[in-house]
Amino acid sequence: MALTYSAGSLVKARGREWVVLPESRPDLLVLRPLGGSDDDIAAVFPAFEAVDEAKFAPPEPGDLGDQRAAGLLRTALRVGFRSGAGPFRSLAGITVEPRAYQLVPLLMALRQKTVRMLISDDVGIGKTIEAGLVASELLAQGEATGLAVLCSPALAEQWQQELRSKFGIDAELVLSSTVSRLERGLDLGQSLFDKHPHVIVSTDFIKSPRHRDDFVRHCPDLVIVDEAHTCVVADDTSTASQNQLRYELLRRVAQDETRHLLLVTATPHSGKESAFRNLLGLVKPELADVSLDSEAGRKLLAQHFVARKRADVRQYLTKEDGLTDDSLAERTAFPSDRYFKDETYKLSPEYRALLDDAIAYASERVEQAGSQGKREARIAWWSAIALLRSLVSSPRAAAQTLRTRSAAAIAASAEEADKLGAPLNSDAADSDAMEGMDVAPGAETTEGPRSHLAELADIAAQLEGPAKDLKLKALIKHLKALLADGHNPIVFCRYIPTAEYLAAQLENDKDSGRRGPLGARTVVKAVTGTLSPQQRLERIEKLAEEAGGDAAARRVLIATDCLSEGVNLQHHFDAVVHYDLAWNPTRHDQREGRVDRYGQRKDQVRVITLYGDDNGIDGKVLEVLIKKHRQIKKDLGISVSVPDELSTGVTDAIVEWLLMRGREDQDALFSADAFKVSTAKLDSDWNSAAEREKASRSRFAQRSVHPQEVAREVAAVREALGGAGEVDTFVRESLGALGAVLRGDGEDFTAQVGGTPIGLRDALAPTVGAEVIEKDRPIPFRADPAVARGEAALVRTDPVVGALASHVLNAALDTQADGARPARRCGVVTTDAVGTLTTLLLVRYRFHLTLPSRSGEKQLVAEDARLVAFEGSARKAEWLPPERARDLLDATASESTDRHYAERTMTRLLTQLPDVYGHLESYGEELDAELAASHRRVRQASGEIVRGLSVTVQKPADVLGAYVYLPAAPSVPAVAPAAPGVSA
161 MALTYSAGSL
171 VKARGREWVV
181 LPESRPDLLV
191 LRPLGGSDDD
201 IAAVFPAFEA
211 VDEAKFAPPE
221 PGDLGDQRAA
231 GLLRTALRVG
241 FRSGAGPFRS
251 LAGITVEPRA
261 YQLVPLLMAL
271 RQKTVRMLIS
281 DDVGIGKTIE
291 AGLVASELLA
301 QGEATGLAVL
311 CSPALAEQWQ
321 QELRSKFGID
331 AELVLSSTVS
341 RLERGLDLGQ
351 SLFDKHPHVI
361 VSTDFIKSPR
371 HRDDFVRHCP
381 DLVIVDEAHT
391 CVVADDTSTA
401 SQNQLRYELL
411 RRVAQDETRH
421 LLLVTATPHS
431 GKESAFRNLL
441 GLVKPELADV
451 SLDSEAGRKL
461 LAQHFVARKR
471 ADVRQYLTKE
481 DGLTDDSLAE
491 RTAFPSDRYF
501 KDETYKLSPE
511 YRALLDDAIA
521 YASERVEQAG
531 SQGKREARIA
541 WWSAIALLRS
551 LVSSPRAAAQ
561 TLRTRSAAAI
571 AASAEEADKL
581 GAPLNSDAAD
591 SDAMEGMDVA
601 PGAETTEGPR
611 SHLAELADIA
621 AQLEGPAKDL
631 KLKALIKHLK
641 ALLADGHNPI
651 VFCRYIPTAE
661 YLAAQLENDK
671 DSGRRGPLGA
681 RTVVKAVTGT
691 LSPQQRLERI
701 EKLAEEAGGD
711 AAARRVLIAT
721 DCLSEGVNLQ
731 HHFDAVVHYD
741 LAWNPTRHDQ
751 REGRVDRYGQ
761 RKDQVRVITL
771 YGDDNGIDGK
781 VLEVLIKKHR
791 QIKKDLGISV
801 SVPDELSTGV
811 TDAIVEWLLM
821 RGREDQDALF
831 SADAFKVSTA
841 KLDSDWNSAA
851 EREKASRSRF
861 AQRSVHPQEV
871 AREVAAVREA
881 LGGAGEVDTF
891 VRESLGALGA
901 VLRGDGEDFT
911 AQVGGTPIGL
921 RDALAPTVGA
931 EVIEKDRPIP
941 FRADPAVARG
951 EAALVRTDPV
961 VGALASHVLN
971 AALDTQADGA
981 RPARRCGVVT
991 TDAVGTLTTL
1001 LLVRYRFHLT
1011 LPSRSGEKQL
1021 VAEDARLVAF
1031 EGSARKAEWL
1041 PPERARDLLD
1051 ATASESTDRH
1061 YAERTMTRLL
1071 TQLPDVYGHL
1081 ESYGEELDAE
1091 LAASHRRVRQ
1101 ASGEIVRGLS
1111 VTVQKPADVL
1121 GAYVYLPAAP
1131 SVPAVAPAAP
1141 GVSA
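The numbering used here puts the first residue of the sequence shown at 161, with every later residue one more than the last.
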């Protein structure tokens, strides 16, 4: 009769040891390799394969390690845990180590039965990570069974990559370009949202009624909405139908009160109170109407809303946060500030003549159209704006605009003309539909024989190059200065032709041998809307790869606003040049936010704004909009959006004045009545929005989770899984012992692993690249967890660290392994750190957890590693507190220990180990009580303790390592040099 094995017990099958998982049945065992991950789970039929009860073998007394052996083995074991026993089920298995402040939204979420949250932390703090943490935890607990991320199509592939690489969530892309392929694989009557439990969905694709109804019917029980502010409408303004459709989609998704919903945006308040209230209403209907000035209203909001500035989290868990000391303090290396410099240029005589001619033509067209009807007037207006903006941008953009028919020219009405003309000619902050908005707009409104605009286009084409295009000449000057100071800049343009023109003028042409003006070691590439989102990322990586690791090499990226939102570029670039001014300052902030974020290594991000001193437009936009926006951000520490209609009112007044008076009379603009009215309205409303934002940040500051609560959970996580300092020591000592060549004495260092065992090199190749291993290139290790591709972070979840830990652990458990074995399961050390015989044990505990969830009880097996230590003999052990046990890891040998004496000492200890099993069992029971309390504490819902939760320790515990520390005294035999493997 086959034996029945309980969850957590050890069995031997297929030549190795396994842990029995709760999904097992008497006739089918579901097994995970001892110390392995969920990827290695296997099913075994005891009726057909031999399965025996296994006991973890004790250490071999002759396999002695040195003073580092215990610490290295402990870290290697803990790094390999993918099923920690703590209350956060997902943290052990993800490949990103979250900052302590990023745990706050997770703690808030776990206190809600149905998670409804608005995550509105500042740009660059890590909202994607915070949302991913909540999602991975809900999925791991069984509180959610599927995930949908609604986002812009330009960001879909980035979301897919983030979820897969950092959280192990494989999500299918549901875009207009993929849906046909996905639907071909469906069964009759099946929804693709049933077939694919995790999806990344284009908001603009799914919002249409044709697709929306199917999505709402089959929507997963967990939804993340990126850039959620673009999905609501204000009650008191006429809004685009696109926003209305998005809002209707989210309103219907939110109607299911059991669905988890995470709204993510850095700008929840666009200055329109009703839009903000509608956003809150999606989270919880009561929030749409509750008084947020009342204590009850603020308390309700605090349960669902988190919004922090960088200053709030730059230093966290310090004594200033109310903690007793700084032992858990975490300092996040955001750039300290942005350094702004506004640089001017003047038009060349030839360019000035072209612009004056174009202004005169546009003015005449607008005046003529005004007498022909409202439709004709609006078509002429958008044509004039297109003409002026493209001329100010570049000669190539001007030439294309002058030769292209205006999109508004086909309009049947004034309203349709505005609908067609506005998206291509304005810079609305609320629009998330950036795709296709960087094309050069058309200005031609007539058909027939060659027009005057075509003649102007020919002139514009002849002005390319720094001799006549002094804006380009100024750019080259400022780029050279940035590059000389060690910066790698991004140059942002409004139009595709401008970006392509700059790249052609600046890059080195390998085919012709032409050298660009920025030097032979500067790599220049352009990224525009002509590329798909995936191709954009690939070109950026290619740019970084071509520049390589040469310290003298520099990178310059020319980009349109297709990269101004969502794409993170801080690893490759550290300066921004605004070549074309945006007519809404929020767009500038979005551009700068691509590099000014967590992970940026420069303490200061340089921002250069290039503007024309005599083109009649740039100076006024800079003065009235851009500088005002900067000042508000400097005062508040956050960006406050200017309502689109107000910025449009100002820019319309500038253009209208330019068309009426020309470039030479621009100084009088500021005293014009119409301009005064529009700027006064702008200042008034913008200042009011800033005051509201300042008040709301103070009133709605995150207070539902106190720093002390975060500190308690962070301490528990670090105790179970290890911290950054432990990993740093482990990586350096292990690589050194395995024969790697390490260089660098600071926090960061590099390692060449060509001399390490072949098994380690094979394990590292998939993570760093086979070419790096084959050519023995240095692998950079960084203390900062935010690393670029090809670098390794000194955190337990980094794939390189994981591969190293797996090799060290396997070598320690296999006494016959080839090559160096840095960690060993036993050791004897003579040291000044102890005054009497002291023994340190590394013990692995396995726990069987029963966790209640909305989908029913979930049975899990988890592991934990603990250090226990005692003084004296095993039979009369005096047990030491945990902190004393940890201190023994730092003990250093004060003299050598005779190998024969060490082996006899270890043999005697291992013989006496059964005398301490009773204490190990009692300690395991204490641990399961602590774990149960921790799970209940984190999973409180509305103050009600979750029932049905239980934690049971599996007996016996595994003694993974045993280490004896002898006091340095004459009575201890000390002879000639120690044998290999014994402390020295």
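Idealized CB from N, CA, C, for every residue including glycine.
CA-to-CA, the gap between residue 1038 and residue 794 works out to about 60 Å. Rounded to whole angstroms, the Cβ separation of residue 1000 and residue 1048 is 5 Å, and the two are in contact under 8 Å. The C-beta separation of residue 754 from residue 647 comes to about 14 Å, leaving the pair out of contact by the 8 Å criterion.
Going by DSSP, residue 392 is part of no alpha helix (DSSP H) at all; its letter is neither H nor E. For residue 733, no beta strand (DSSP E) run applies, since DSSP gives it neither H nor E. In the DSSP assignment, the residues bridged to residue 178 are 171, 193. DSSP, read as helix, strand or coil, puts residue 769 in strand. Ranked by Cα distance from residue 239, the options 279, 877, 507, 487 are led by 877. When secondary structure is reduced to three states using DSSP, residue 1068 falls in the helix class. Apart from the 5 residues on each side of it in sequence, residue 638 sits with its Cβ closer than 8 Å to the Cβ of 503, 737, 768, 770 in its chain, given in chain order.
Fewer than three beta-carbon pairs drawn from the stretch 268 to 275 and the stretch 401 to 413 are found closer than 8 Å, and the two stretches are therefore not classed as touching. Under DSSP, residue 539 takes part in no beta bridge, so it has no partner.
A distance below 7 Å separates the beta carbons of residue 741 and residue 781. For residue 718, the enclosing beta strand (DSSP E) stretches over residues 714 to 719. Contact between residue 941 and residue 235 fails: their C-beta atoms lie close to 15 Å from each other, not under 8 Å. Less than 7 Å separates the beta-carbon of residue 382 from that of residue 307. Judged by pairs of C-beta atoms under 8 Å, the stretch 962 to 970 touches the stretch 920 to 927, as three or more such pairs exist. In this structure the stretch 988 to 1003 lies against the stretch 1049 to 1068, because at least three pairs of beta carbons, one per stretch, are closer than 8 Å. Residue 408 holds the alpha-carbon nearest to the alpha-carbon of residue 368 among 408, 1073, 654, 384. Per DSSP, residue 1045 lies in no beta strand (DSSP E) segment; the continuous alpha helix (DSSP H) that holds it begins and ends at 1042 to 1047. Taking a C-beta distance under 7 Å as the contact criterion, residue 687 and residue 696 qualify as a contact pair. Here residue 1023 is buried. Its C-beta has 16 or more other C-beta atoms within 10 Å. With the rule of 3 Cβ pairs closer than 8 Å, the stretch 470 to 483 counts as touching the stretch 277 to 287. Contact annotation, residue 206 with residue 200: C-beta distance approximately 19 Å; criterion of less than 8 Å not satisfied. In the three-state scheme derived from DSSP, where H, G and I count as helix and E and B as strand, residue 866 is classed as coil. Only exposed fits residue 671, as fewer than 16 other CB atoms lie within 10 angstroms of its CB.
Counting along the chain, no alpha helix (DSSP H) covers residue 1006; the unbroken beta strand (DSSP E) around it starts and ends at 998 to 1011.
Under the three-state reduction of DSSP, residue 235 is assigned to helix. The Cβ atoms of residue 321 and residue 249 do not sit closer than 7 Å to each other. 7 Å or more divides the Cβ of residue 1012 from the Cβ of residue 1091. Scanning the stretch 314 to 377 for uninterrupted alpha helix (DSSP H) segments of 4 residues or longer gives 339 to 344, 352 to 355, 363 to 366, listed from N- to C-terminal end.
Taking a C-beta distance under 7 Å as the contact criterion, residue 1021 and residue 181 qualify as a contact pair. Here the stretch 758 to 765 does not lie against the stretch 973 to 981, with fewer than 3 beta-carbon pairs under 8 Å apart.
Here residue 546 really is in contact with residue 566; their C-beta atoms are around 6 Å apart, less than 8 Å. With 16 or more other Cβ atoms from the protein chains shown falling within 10 Å of its own Cβ, residue 511 counts as buried.
Nearest to residue 362 by C-alpha distance, out of 295, 262, 312, is 312.
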